[in-house]
Amino acid sequence: MAEVRLENVCKHFDEVIAVDNFNMSIQDKEFVVLVGPSGCGKTTTLRMIAGLESITSGDVYIGDNLINKLPAKDRNIAMVFQNYALYPHMTVFENMAFSLENFNRPKDEINQRVQEAAEILGIEHLLSRKPKQLSGGQRQRVAVGRAIVRKPGVFLFDEPLSNLDAKLRVQTRIELKKLHERLATTAVYVTHDQIEAMTMGDRIVVMCDGLIQQIGSPLELYDTPANKFVAGFIGSPAMNFFDADIINEGNAIFLQADEVRIDLPAEISQQLAGYSHKQIAVGIRPEDLIVCAEHAPGETIQGAVEVVEPVGNETYVAFNAGSFSLIAAVGRKTQIKTHSNLVIAPSMENLHLFDFENEKAIC
Ligand SMILES: Nc1ncnc2c1ncn2[C@@H]1O[C@H](COP(=O)(O)OP(=O)(O)OP(=O)(O)O)[C@@H](O)[C@H]1O
Ligand SMILES: [Mg+2]
């Protein structure tokens with residue numbers, strides 16, 4: 002059993018607050034991804050779990066054991082680093098065997114464990130090579146191999162795919178997921194790539210400026226982002242945002258952004274109580290902007306097409322709706338010309354509204 006629990010964990014580097022009150026229980030065998038922009042505290046969090054960084058305040062547990070003061074080597078954790086950190090003068094076999102030798106495992110057992118890991122990763126034929134004789138993808142496998150020979154209770158990965166080209170990244174992330182299923186070991190995986198986070202994580206932790214913004218399954222984060230930051234970070238192309246006023250007129254409730262007016266369903270008027278005639282931020286994903294034949298005031302937005310970007314399976318259309326621009330994702334067969342007039346209807350059930358001041362989701 003390797004449940005990892007962080008309680009009120011903080012890390013300060015002098016005046017920099019790298020991690021601010023991190024709270025989470027990572028379940029046994031769970032694959033958790035920490036994602037966020039550069040400098041948000043992902044690596045620092047991982048290093049505190051590994052025991053490579055001291056904790057300023059708070060507690061880290063593995064199972065029921067408080068491990069704040071436990072040396073890294075006694076934590077039963079294996080970490081894979083972004084730069085792989087292989088020993089250049091050792092062969093692949095020696096690199097993989099190194100930690101087992103440090104733990105004074107018998108030779109037979111070391112041979113067997115390295116062979117087993119090499120087989121799983123398809124690198125048996127590389128065991129006598131030195132790291133410099135390997136491609137980037139092969140080095141990456143050796144780095145993973147070095148972690149799995151230890152049969153640790155927890156795997157920590159710090160951006161292990163970032164040195165691979167785009168195609169190999171996709172292939173390797175699938176392999177890592179399969180490996181996780183096979184080994185059934187708790188894993189904490191750091192990336193700044195939201196696609197990697199979405200595709201790999203059982204749960205994702207979105208961080209910004211050392212603070213957890215939201216924890217949830219990939220689709221929870223996508224469908225119900227807790228705030229504007231998460232809404233804009235998860236999803237590609239990113240969610241569109243524009244500012245609007247909430248207007249109540251009699252029984253009607255609508256959004257007004259300059260000349261654009263969008264009538265809102267009566268059901269959400271309760272959630273918007275207190276926002277009447279106030280500014281809010283509106284979020285709508287590109288795929289939730291539906292192309293229409295005709296403009297219907299209160300229901301559609303129209304504007305001039307600025308850029309058309311076919312990406313193959315769909316086409317992104319940037320258009321200008323007066324004081325703001327939006328990007329719509331439309332079907333690949335939809336014929337749209339630059340400078341033409343585009344009419345779109347936002348899918349009302351997928352509209353996101355955020356408080357203008359604190360940027361938290363209203364609905
Ligand atoms: N040893 C250190 N001394 C001082 N400040 C540090 C140290 N290590 C990290 N920091 C600061 O702590 C913050 C978090 O850094 P961290 O490396 O955890 O970010 P990250 O999310 O992993 O970013 P990246 O995606 O760029 O790897 C940053 O502001 C960084 O400058
Ligand atoms: Mg980092």
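Quick note, the working numbering runs 1 ahead of the 1-based positions in the sequence shown. The beta-carbon is built from N, C-alpha and C at its ideal position, and this holds for glycine as well.
* Asked: Does ligand 1 have even one heavy atom less than 7 Å from the beta-carbon of GLY202?
  -> no
* Alpha carbon to alpha carbon, how far is ALA119 from PHE325? Give it in angstroms, no decimals. => 54 Å
* **One or two residues paired with THR192 in a DSSP bridge** => VAL36
* Asked: In whole angstroms, what is the alpha-carbon distance linking ASN342 and GLN303?
  -> 7 Å
* Counting Cβ pairs closer than 8 Å, one from the region 327-341 and one from the region 307-317, do we hit at least three? -> yes
* To do: Return the CA-CA distance between LYS279 and GLY299, expressed in angstroms with no decimal places.
  => 19 Å
* Could you please give me the residues that DSSP links to THR187 through a beta bridge? => VAL155
* What is the DSSP secondary structure of ASP289, counted as helix, strand or coil? -> helix
* Asked: Any contact of the region 60-72 with the region 219-226, i.e. 3+ C-beta pairs under 8 Å?
  -> no
* Count the other C-beta atoms from every protein chain shown that fall within 10 angstroms of the C-beta of LYS70, then say buried if there are 16 or more, exposed otherwise. => exposed
* Helix, strand or coil: how does DSSP classify PHE94 here? -> helix
* Asked: For the beta strand (DSSP E) that contains ARG204, what are its first and last residues?
  -> 204-209
* Asked: Counting Cβ pairs closer than 8 Å, one from the region 90-97 and one from the region 129-148, do we hit at least three?
  -> yes
* Could you tell me the boundaries of the beta strand (DSSP E) in which TYR223 lies? => Unbroken run through TYR223 is the alpha helix (DSSP H), 219-224; no beta strand (DSSP E).
* Asked: Would DSSP call LEU265 helix, strand or coil?
  -> coil
* To do: Leaving out five residues on either side along the sequence, give the residues of the same chain with a beta carbon under 7 Å from the beta carbon of ASN22.
  => ASN9, CYS11
* With a floor of 4 residues, list each alpha helix (DSSP H) that falls wholly inside the region 37-70, ordered by position along the chain. => 43-51
* Asked: With a cut-off of 8 Å, does the C-beta of ASN164 fall near any C-beta of chain C?
  -> You won't find chain C in this structure, because it holds only one protein chain.
* Within 8 Å, strictly: CB atoms of VAL206 and THR44 -> no
* To do: Alpha carbon to alpha carbon, how far is GLU310 from THR186? Give it in angstroms, no decimals.
  => 42 Å
* Is it right to say ILE27 is buried, meaning 16 or more other beta carbons lie within 10 angstroms of its own, or is it exposed? -> buried
* Nearest candidate by alpha-carbon position, reference THR335, set HIS353, GLU360, ALA294 -> ALA294
* To do: Could you tell me whether any non-hydrogen atom of ligand 1 is closer than 7 Å to the CB of HIS13?
  => no
* Report buried or exposed for ALA19, applying the criterion of at least 16 other Cβ atoms within 10 angstroms of its Cβ. => buried
* **ARG114, DSSP secondary structure in three states** => helix
* **Beta bridge counterpart(s) of GLY299 as assigned by DSSP** => ILE263
* Helix, strand or coil: which one does DSSP assign to PHE255? -> strand
* DSSP puts SER326 in a beta bridge; with which residues? -> ASN321
* Asked: Mind checking THR301: buried by the 16 CB within 10 Å criterion, or exposed?
  -> buried
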